[in-house]
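Engineer: What follows is a structure written as structure tokens; I'll ask about it next.
4 protein chains.
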Amino acid sequence: MSTVPSPEGERADVVARPRRHAAEDVRRRQLIEATIDAIAAVGFHATTLVEIAGRAGVSPGLVAFYFRDKNGLLEATLRHLAVQLSASLIALQRDAATPRARVLAVVDATLGPTQFDRRTASVWLAFWAQVPVVPRFARIQRIYAARLLANLRAGFRAHPSLARLDGDEAARLAAATAAMIDGAWLRATLSPDVGAGARARDLVAGFVEGRLALLDLALMHTG
Amino acid sequence: MSTVPSPEGERADVVARPRRHAAEDVRRRQLIEATIDAIAAVGFHATTLVEIAGRAGVSPGLVAFYFRDKNGLLEATLRHLAVQLSASLIALQRDAATPRARVLAVVDATLGPTQFDRRTASVWLAFWAQVPVVPRFARIQRIYAARLLANLRAGFRAHPSLARLDGDEAARLAAATAAMIDGAWLRATLSPDVGAGARARDLVAGFVEGRLALLDLALMHTG
Amino acid sequence: MSTVPSPEGERADVVARPRRHAAEDVRRRQLIEATIDAIAAVGFHATTLVEIAGRAGVSPGLVAFYFRDKNGLLEATLRHLAVQLSASLIALQRDAATPRARVLAVVDATLGPTQFDRRTASVWLAFWAQVPVVPRFARIQRIYAARLLANLRAGFRAHPSLARLDGDEAARLAAATAAMIDGAWLRATLSPDVGAGARARDLVAGFVEGRLALLDLALMHTG
Amino acid sequence: MSTVPSPEGERADVVARPRRHAAEDVRRRQLIEATIDAIAAVGFHATTLVEIAGRAGVSPGLVAFYFRDKNGLLEATLRHLAVQLSASLIALQRDAATPRARVLAVVDATLGPTQFDRRTASVWLAFWAQVPVVPRFARIQRIYAARLLANLRAGFRAHPSLARLDGDEAARLAAATAAMIDGAWLRATLSPDVGAGARARDLVAGFVEGRLALLDLALMHTG
DNA sequence: GATGAATGAGGGTTCATTCAT
DNA sequence: TATGAATGAACCCTCATTCAT
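Chains as they are written, first to last, in our numbering: chain A, 1 to 223; chain B, 1001 to 1223; chain C, 2001 to 2223; chain D, 3001 to 3223.
Put into structure tokens, the structure is as follows:
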């Protein structure tokens, strides 16, 4: 959720071996979805292989076949979430003409409805909780956290009023925005309120718009 | 962490039974600290009663005596964290003379060094991950999330420039600040960078100061 | 190893069905060798079909085709070892002109270098351990243990000094020799010392020669 | 079986920690006996913790409590067998006045009825089969194999006729005897014949007596 | 002939919990 | 109060086996 990954991570995996059969990918996807379902439904701690396999409609032993072991499946699941988020960001940015639109695309991707459905949200949260103790999760998290920041920074820098100033201001603004994105997402996710997600998006969008408006104002006076 | 609890939650527990002996409280505290240590060291998922009891220097069976079962201990631990955070907030606000200082006291309490040491941070995170699936955790979280917001709102409302406007603006600002607090904390916690915590505090403080300065400016023009 | 099998056991198997294709036999042999490798490398208990198939360069499912199941493969492997030992004994006895040479041929076959390489030795041992609980293994073992004894007895009986005496003395000597052969093999196999095999052979050969010399001496006195 | 251990190995274990409670030792012994029963009944490969626990009348989880894991229990079992054999050897040698009696005591201990009951025998065999792949078993085996040899050598060296000769002859005789002991035990154990054990003992005893008689004869001629 | 996806029983092990002491 | 022996359920994982291709 705090990440704007490009899909290279996964792609590298794919080209490493000869292209998997389509059926194989379907099964992998099936198990990953079942893992997400399970974590969302019963929590990370209570998510067992039997739970997952049951939801996927396969036998527990199959996990070993496709992912080596439970950890392999969990890691693949986390990576899948990251890739998905990245894809939605890319799609939204494709249509973003102005710098302002580009920044808002990040907000919409990270705080869009997808990121707030119960399935996605609690799984992101569960993985984050594991980050301090699972180095491989930490690595994935680190990469994608950096990318979110980079995306925002690029957006802000392209803005006329910031392009003039030194890069630090854009960086500071990007950091603040990233923090607000993650925080708004987190508070909305932990809230039982169903409308919290939409309000979170509006909150952050409002913040961004306000700042950009302020900058435009400053630009007019100084320009 | 997103919570500014007053200690009633715990106190209610206390008055429910006849006052515990001091020695009893010492043991409870001892076990709670050991739980925090364990979660920070090995993660929520790998935290077993043997782990905890080992760190506390007692036998695993003792947990049942003081907390009924493992869940009781976990819940008490979460509550303990919330109470601690609340206490530090109260202490900081005691010396806050101006509205501005009052808001910054919240920032300093929630993003102070205590909240960023590895022990505290990963344990908060671990508990949050359980919120969506453990109703009792959700209840605690809900209460204290509301309190953080209330504290910020009260601070902003006391500010001259906002006191005039309708309450919505202060509420909106409080929500934005709360989001940024939680988000900055989260990103810093997940980051391996040791200086991230201090930067997080500065980021949010800077945001708050900037907004208040802007409001003051507006006040001067309109006042 | 305590066995001097003639190859009938296997041959019976062969005539039972229409003659297998040569390619079929190659595969069977390939799997049997892989089984021996696996047992020698990781032990009987850790020898799985994946292990075996991996070493043979085929898929695990193929075992079912050639040997029905894992037990079938194991039994075939044991039988293969017995046949091999028998063949080497026959070859050595072909050139044995005197009774003394005939007995020593048995010693050389059972305590020759082949019987002491790590592969062969640990596999024999592994199978012997199964004898008390696997009736089919017990049957094979029984047959070949009897043959070793018979071979030795025949050799001793052909000796002039024993031919005169009642058969019991030759039988007793054969039993003692058989015991010493198996014991020497066992101790050498369990020893980490690489030279143990050669010393084992010399030990038993020395024993046999000593006894025969003694008998010759007795023969001279009484003859 | 090829071993004449003194009990220090175990004793060292005991003094390492504060003396265990008697009840603890009873349970350990109980589990070890159940392990022996299980191996004898179903074989090493089929001996599971459920099997063992069932025979001991306890729950499977208890094994971890007393022996850490299955391997710990197996190792303790092997060590127990070795200690037992050693004890019976010591007891028999206590009453052995002459060198001849001392050597025969070794034979009686290693080929006594205890070593031939189905329980003991198949368990020794099972452990031996593991020796090539389990270093810890190998170590135990190595120590005790050396002790059997040392005991025999000491016995033979004390004999007048060998005391005169260089040590090599006694050593060679000890090696031959050790080999015959192990081989006779092995063949008897693998044989379905119930009387095989007694005959094995007589065979080896006869061999020893014969050699000693021969030596006495030589002594008379040369002395 | 040969593969390898898929199964599901059963393996060892961990662990929260209980209870006699 | 506190211990720690003991339980038994449930965990993850392995593996022999089957079967469609």
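Glycine included, every Cβ here is placed at the ideal spot set by N, Cα and C. Just so we're clear, the structure is a prediction, and the values are computed from it rather than from any experiment.
To the nearest angstrom, how far is it from the Cα of T1098/B to the Cα of A126/A?
Structural biologist: For this step, residue 1098/B is matched to residue 98 along the second sequence. For this step, residue 126/A is matched to residue 126 along the first sequence. Looking at the two C-alpha atoms, the distance is approximately 39 Å.
Engineer: R172/A and I36/A - do their beta-carbons sit closer together than 8 Å?
Structural biologist: Position 36 of the first sequence, counting from 1, holds the residue named residue 36/A. Position 172 of the first sequence, counting from 1, holds the residue named residue 172/A. It is not a contact, given that the beta carbons lie outside the stated cut-off.
Engineer: Could you name the residues of the same chain whose beta carbon sits closer than 6 Å to that of R1201/B, not counting the 5 residues immediately before and after it, in chain order?
Structural biologist: In the second sequence, residue 1201/B corresponds to position 201, counting from 1. L1111.
Engineer: Under 7 Å Cβ to Cβ from L3219/D, same chain only, skipping five residues before and after it: list those, please.
Structural biologist: In the fourth sequence, the residue the question calls residue 3219/D occupies position 219. So the list reads P3160 and S3161, once near-sequence residues are dropped.
Engineer: Taking only beta-carbon atoms, is R3187/D less than 8 Å away from chain C?
Structural biologist: Taking the fourth sequence and counting its residues from 1, one reaches residue 3187/D at position 187. So yes, R3187/D belongs to the interface.
Engineer: Does the separation of the CB atoms of A2121/C and T2077/C fall below 8 Å?
Structural biologist: Within the third sequence, residue 2121/C is the residue found at index 121, counting from 1. Within the third sequence, residue 2077/C is the residue found at index 77, counting from 1. No, Cβ-Cβ distance for A2121/C and T2077/C is not below 8 Å.
Engineer: Contact between the stretch 2052-2064 of chain C and the stretch 3057-3067 of chain D is defined here as three or more beta-carbon pairs at a separation below 8 Å; is this criterion met?
Structural biologist: Counting Cβ pairs under 8 Å, fewer than three are found: no touch.
Engineer: Applying a beta-carbon distance threshold of less than 7 Å, which residues of chain A neighbour D1180/B?
Structural biologist: If you number the second sequence from 1, residue 1180/B lands on position 180. The sequence shown places Met at residue 1180/B, not Asp. The answer, in chain order, is A176, A179, M180 and G183.
Engineer: CA-CA distance, W185/A and P1132/B?
Structural biologist: Along the first sequence, read from residue 1 onward, the residue named residue 185/A stands at position 185. Along the second sequence, read from residue 1 onward, the residue named residue 1132/B stands at position 132. Answer to the nearest angstrom: the Cα atoms are 14 Å apart.
Engineer: List the residues of chain A whose Cβ lies closer than 8 Å to the Cβ of P1192/B, in chain order.
Structural biologist: Looking up residue 1192/B in the second sequence gives position 192. Near P1192/B (Cβ distances below 8 Å), the residues of chain A are A138 and R142.
Engineer: What are the boundary residues of the alpha helix (DSSP H) that L2125/C is part of?
Structural biologist: In the third sequence, the residue the question calls residue 2125/C occupies position 125. Here the alpha helix (DSSP H) through L2125/C covers R2118 to Q2130.
Engineer: Is there a Cβ from chain B that is less than 8 Å from the Cβ of L81/A?
Structural biologist: On the first sequence, residue 81/A is found 81 positions in, with the first residue counted as 1. Taking Cβ atoms only, chain B never reaches closer than 8 Å to L81/A, which makes this a no.
Engineer: In chain order, what residues of the same chain have a beta carbon less than 6 Å from the beta carbon of A2105/C, not counting five sequence neighbours either side?
Structural biologist: Within the third sequence, numbered from 1, the residue matching residue 2105/C stands at position 105. Answer for A2105/C: L2092, Q2093 and A2096, listed in chain order.
Engineer: In whole angstroms, what is the alpha-carbon distance linking L39/A and T47/A?
Structural biologist: For the purposes of this step, residue 39/A is identified with residue 39 of the first sequence, where counting begins at 1. For the purposes of this step, residue 47/A is identified with residue 47 of the first sequence, where counting begins at 1. Note that residue 39/A corresponds to Ile in the displayed sequence, not to Leu. Those two C-alpha atoms are separated by around 6 Å.
Engineer: Any contact between the stretch 3022-3030 of chain D and the stretch 2189-2199 of chain C? By contact I mean 3 or more CB pairs, one from each, below 8 Å.
Structural biologist: Contact between the stretch 3022-3030 of chain D and the stretch 2189-2199 of chain C is absent, because fewer than three Cβ pairs lie under 8 Å.
Engineer: Can you give me, in chain order, the residues of the stretch 205-220 of chain A that have a beta carbon less than 9 Å from any beta carbon in chain B?
Structural biologist: Answer set for the stretch 205-220 of chain A: G206, F207 and L214.
Engineer: Which residues in the same chain as A2175/C place their Cβ atom closer than 6 Å to its Cβ, once the five residues preceding and following it in sequence are excluded?
Structural biologist: Translated into positions along the third sequence, residue 2175/C becomes position 175. Hits under 6 Å: none found.
Engineer: Does DSSP put P2192/C in a helix, in a strand, or in coil?
Structural biologist: Start at 1 with the first residue of the third sequence, and residue 2192/C comes out as number 192. DSSP places P2192/C in coil when its eight states are reduced to three.
Engineer: Where A1041/B and A1034/B are concerned, what is the direct C-alpha to C-alpha distance, given to the nearest angstrom?
Structural biologist: Taking the first residue of the second sequence as position 1, residue 1041/B is located at position 41. Taking the first residue of the second sequence as position 1, residue 1034/B is located at position 34. Their backbone Cα atoms lie some 10 Å apart in a straight line.
Engineer: In chain order, which alpha helix (DSSP H) runs of at least 4 residues are fully inside the stretch 51-122 of chain A?
Structural biologist: Within the stretch 51-122 of chain A, the complete alpha helix (DSSP H) runs of at least 4 residues are 62-67, 70-94, 99-110 and 113-116.
Engineer: Using three-state DSSP, classify V1133/B as helix, strand or coil.
Structural biologist: To locate residue 1133/B, count along the second sequence from 1; it is residue 133. Coil.
Engineer: Check the Cβ of P132/A against every Cβ in chain B and list those closer than 9 Å, keeping chain order.
Structural biologist: Mapped onto the first sequence, residue 132/A falls at position 132. In chain order: A1040, G1043, R1118, A1121, S1122, L1125, A1126, T1189 and L1190.
Engineer: Within 10 Å of its beta-carbon, does G1195/B have 16 or more other beta-carbons around it, so buried, or fewer, so exposed?
Structural biologist: Looking up residue 1195/B in the second sequence gives position 195. It counts as exposed.
Engineer: Can you pull the chain A neighbours of L1203/B, defined as C-beta to C-beta under 8 Å?
Structural biologist: The residue labelled residue 1203/B in the question sits at position 203 within the second sequence. Neighbours of L1203/B on chain A, chain order: R172, A175, A176 and A179.
Engineer: Within 10 Å of its beta-carbon, does T2177/C have 16 or more other beta-carbons around it, so buried, or fewer, so exposed?
Structural biologist: Within the third sequence, residue 2177/C is the residue found at index 177, counting from 1. So T2177/C ends up on the buried side.
Engineer: By a C-beta neighbour count over all protein chains shown, 10 Å radius and 16 as the cutoff for buried, is R29/A buried or exposed?
Structural biologist: For this step, residue 29/A is matched to residue 29 along the first sequence. Classification of R29/A: exposed, given that the 10 Å Cβ count is below 16.
Engineer: Cα separation between D3108/D and A3145/D?
Structural biologist: Counted from its first residue, the fourth sequence places residue 3108/D at position 108. Counted from its first residue, the fourth sequence places residue 3145/D at position 145. Distance between the alpha carbons of D3108/D and A3145/D is about 16 Å.
Engineer: Would you identify the three-state DSSP class for A2158/C, choosing helix, strand or coil?
Structural biologist: Here the question's residue 2158/C lines up with position 158 in the third sequence. It is coil, neither helix nor strand.
Engineer: Go ahead and label V2208/C buried or exposed: buried means 16 or more other beta carbons lie within 10 angstroms of its beta carbon, across all protein chains shown.
Structural biologist: Stepping through the third sequence from its first residue, residue 2208/C is reached at position 208. Buried.
Engineer: Grouping DSSP H, G and I as helix and E and B as strand, with all else coil, what is G206/A?
Structural biologist: Here residue 206/A refers to the residue found at position 206 when the first sequence is read from its first residue. It is helical.
Engineer: Just to confirm, is the Cβ distance from I2032/C to H2080/C under 8 Å?
Structural biologist: Position 32 of the third sequence, counted from the start, is the residue given in the question as residue 2032/C. Position 80 of the third sequence, counted from the start, is the residue given in the question as residue 2080/C. It is a contact, given that the beta carbons lie within the stated cut-off.
Engineer: What does a CB cutoff of less than 7 Å around L1049/B pick up in its chain, not counting 5 residues either side in sequence?
Structural biologist: Reading the second sequence from its first residue, position 49 is the one you call residue 1049/B. Same-chain partners within the cutoff: P1060, V1063 and K1070.
Engineer: Going by C-alpha distance, which of L1217/B, S1086/B and D1168/B is nearest R1147/B?
Structural biologist: For the purposes of this step, residue 1147/B is identified with residue 147 of the second sequence, where counting begins at 1. Answer by Cα proximity: S1086/B.
Engineer: Check the C-beta distance from G197/A over to A1179/B and give it rounded, since I have them as a contact under 8 Å.
Structural biologist: By 1-based counting over the first sequence, the position of residue 197/A is 197. By 1-based counting over the second sequence, the position of residue 1179/B is 179. So it is not a contact: roughly 13 Å between Cβ atoms.
Engineer: Mind checking whether L2152/C and V2103/C have CB atoms under 8 Å apart?
Structural biologist: On the third sequence, residue 2152/C is found 152 positions in, with the first residue counted as 1. On the third sequence, residue 2103/C is found 103 positions in, with the first residue counted as 1. Their beta carbons are under 8 Å apart, which means L2152/C touches V2103/C by this criterion.
Engineer: Leaving out five residues on either side along the sequence, give the residues of the same chain with a beta carbon under 6 Å from the beta carbon of Q1130/B.
Structural biologist: Mapped onto the second sequence, residue 1130/B falls at position 130. Only F1137 meet the Cβ criterion.
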